[in-house]
Structure formats: C-alpha cells, structure tokens
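>
Residue numbers (our numbering): 108 to 349.
1) Give the list of continuous alpha helix (DSSP H) stretches no shorter than 4 residues that lie fully inside the segment 213-244.
2) Compare the Cα-Cα distances from residue 194 to each of 172, 170, 140, 250 and report the closest residue.
3) Would you kindly work out how many angstroms separate the C-alpha atoms of residue 183 and residue 253, rounded to a whole number?
4) If I follow the unbroken alpha helix (DSSP H) through residue 115, where does it start and stop?
5) Do you know whose CA, among 132, 111, 128, 110, lies nearest residue 345's CA?
6) For residue 166, which residues in the same chain have their Cβ closer than 6 Å to its Cβ, ignoring the five residues on either side in sequence?
7) Checking 8 Å against the spacing of the C-beta atoms, do residue 201 and residue 245 come in under that value?
8) Quick check on residue 301: buried or exposed, where buried means 16 or more other Cβ atoms within 10 Å of its Cβ?
9) Please work out which residues of its chain come closer than 6 Å, Cβ to Cβ, to residue 247, disregarding the five sequence neighbours upstream and downstream, and give them in chain order.
10) Do the CB positions of residue 250 and residue 117 come within less than 8 Å of each other?
11) Please report the distance separating the alpha-carbon of residue 222 from that of residue 313.
12) For residue 271, I'd like the list of residues in its chain whose CB is within less than 6 Å of its CB, leaving aside the five on either flank, ordered along the chain.
13) Ordered along the chain, which non-local residues of its own chain (more than five positions away) have a Cβ less than 7 Å from that of residue 321?
14) Whole angstroms is fine: what's the gap from residue 268's alpha carbon to residue 143's?
15) If I'm right that residue 295 touches residue 120 with Cβ under 8 Å, what's the distance once you round it to whole angstroms?
16) Reducing DSSP to helix, strand and coil, say where residue 327 ends up.
17) Taking only three categories from DSSP, how would you classify residue 151?
18) Apply the 10 Å Cβ neighbour rule to residue 177 and answer buried if 16 or more other Cβ atoms are within range, or exposed otherwise.
19) Given a threshold of 16 other Cβ atoms within 10 Å of its Cβ, counted over all protein chains shown, does residue 157 qualify as buried or as exposed?
20) Helix or strand or just coil, what does DSSP make of residue 312?
21) Spatial neighbours of residue 304 within its chain, please: C-beta separation below 8 Å, excluding the five flanking residues on both sides.
22) Helix, strand or coil, according to DSSP, for residue 270 in the structure here?
23) Identify, in the order they occur along the chain, each residue of the same chain with its Cβ nearer than 7 Å to the Cβ of residue 265, setting aside the five sequence neighbours on each side.
24) Hey, residue 185 and residue 168: beta-carbon distance below 8 Å or not?
25) On the criterion of 16 or more Cβ atoms from any shown chain inside 10 Å, does residue 191 qualify as buried, or is it exposed?
26) What residue does the beta strand (DSSP E) around residue 341 start on, and which one ends it?
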C-alpha cells in the first residue's frame, strides 16, 4: 500500500464519539515531550472536559534534540522540556499530577530486554492504579525509534492488563506519498476535536524548544516542521486499531 493511499484512508475513517474511543480513563504514552499534544492534544482536552482526565506518561527526556547547543546542555534542556510539557497539558485542562515522566534517554528507548520489561511492568502498575481502560500509543508505522519502542510498550501493557489499545500517528503523516508500506488498510476512528483545536494549538506552542526558535546556537538542532504541524493541528485526531 502506498503511503498516499494510507493517508487518505486514515483521513476517511469514520468519526466516533469520545465515549467510543476512550471509555473510562485513558492512558496516553508519549515518546517525547510534545507528542502528547501533537498526537493526542484534542483527546486529552476532550477527556478533561468530560470529567475523565487521562493519565499521560512521557517516556523519554527529550534532551537529545539540540546536542551541539552550549546554552542548552542536556540537563538544562531536560528540565525545560518537562516544564514545556506541564504548560502544554495545562492548556488542555490536565492537572500536573496526571502527568508522569519516565526519563528514558532520548533516541534510546528500549525495544526489548530487561529494561523494557521493567518499564512495561511499571506502566501496567500505573494503569491499574489509575483505573485506566484504554492505552494510546504511537502508530507502529511512525518512522522513529522511540515511537516504535513506545508502541511496543503499549502492546506489552495491553497484554499485561487486558486494556484496549489504540494507536495515534505522528511522524507517519510525513511518509513520502509514493513509498510502499507493508501495512494493511487501517481500521479505526476519528475524533472530532473542533471544540478543542485552539487549545491543542496553544499546547503545541508551549513546546518552544522544539517549535518557537528558543534555541539558536545549534544549526543542526531539531525543529518541528510546518508540514507536521499542518497535518496534526486540524479538526480531527486519528486513532487506529492494532
């Protein structure tokens, strides 16, 4: 299946109500600080507005985005990215006590092995403690190592706890249209986030280290591309069945 056809299929998925997509309490797994807003900002805001705030877990510290910056060495950038995430979820109506940071090294989240198993067990404990019923993890077709690792952790949590599992695309939206993917036609739903689009845009804007030109002394540093923002800050969010 070509990526262009896959993208069209994602945009054509049926719209479903929040109660169908996220009954009960959601557990949102974000690979980096900003993925919670980019992929699930509307979902988080809708859940909060419905009186069912989710639990958001950010897997990595995000400290590798500007490795050559002298003004923003890793410890300072790590603290900044945590603050940005707190400010972002506040825009979505989520209290800071519903946000957790695992602090895994950016670009090195484990895909298997003892550390992976330990993290999956910790996530399962959090899910049970908070009464979560659905886990949201990055789409397995997202072309990023930390996104793939977080997807695998979502699968592990599902297996440990028996939760429902849905995936949200982030970087998958930027797959080259002509690329061939070993991926079946997607099954899933779209959530209408029109009422929360402005809040999502504000939340994304809180991640200034990735988006707002905050860090200026690393010419090779990461910056969220406009094409990704255009794909994600829209009137809907997409959630795909495994």
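Heads up, the beta-carbon is just placed ideally off N, CA and C, and yes, glycines get one too.
All of these numbers come straight from a predicted model, not from anything done at the bench.
Result, derived from the coordinates:
1) Runs found: 220-236.
2) Ranking the options by Cα distance to residue 194, first place goes to 140.
3) Distance from the CA of residue 183 to the CA of residue 253, rounded to the nearest whole angstrom, comes to 21 Å.
4) For residue 115, the enclosing alpha helix (DSSP H) covers residues 110-118.
5) Measuring from the Cα of residue 345, the nearest candidate turns out to be 128.
6) Once the five neighbours on either side are set aside, the close Cβ partners of residue 166 are 138, 209, 211, 216, 257.
7) Going by C-beta atoms, residue 201 is not nearer than 8 Å to residue 245.
8) Exposed: under 16 other Cβ atoms inside 10 Å.
9) Counting only Cβ-Cβ distances below 6 Å, and skipping sequence neighbours, we find 258.
10) Not a contact, by the Cβ cut-off of 8 Å.
11) If you draw a straight line from the Cα of residue 222 to the Cα of residue 313, it comes to about 31 Å.
12) So the list reads 241, once near-sequence residues are dropped.
13) Same-chain partners within the cutoff: 315.
14) Cα-Cα distance, rounded: 22 Å.
15) Contact between residue 295 and residue 120 holds, since their C-beta atoms are separated by about 5 Å, short of 8 Å.
16) The answer is coil: DSSP assigns residue 327 none of H, G, I, E or B.
17) It is helical.
18) So residue 177 ends up on the exposed side.
19) In the assembly as shown, residue 157 is an exposed residue. Its beta-carbon has fewer than 16 other beta-carbons within 10 Å.
20) Helix, per DSSP.
21) If you ignore the 5 residues before and after residue 304, its C-beta comes within less than 8 Å of the C-beta of 149, 340, 341, 342, all in its own chain and listed in chain order.
22) Residue 270 sits in coil when the DSSP states are folded into three classes, being neither helix nor strand.
23) Around residue 265: 242, 272.
24) It is a contact, given that the beta carbons lie within the stated cut-off.
25) Counting Cβ neighbours within 10 Å, residue 191 comes out buried, since at least 16 surround it.
26) Going by DSSP, residue 341 is part of no beta strand (DSSP E) at all; its letter is neither H nor E.
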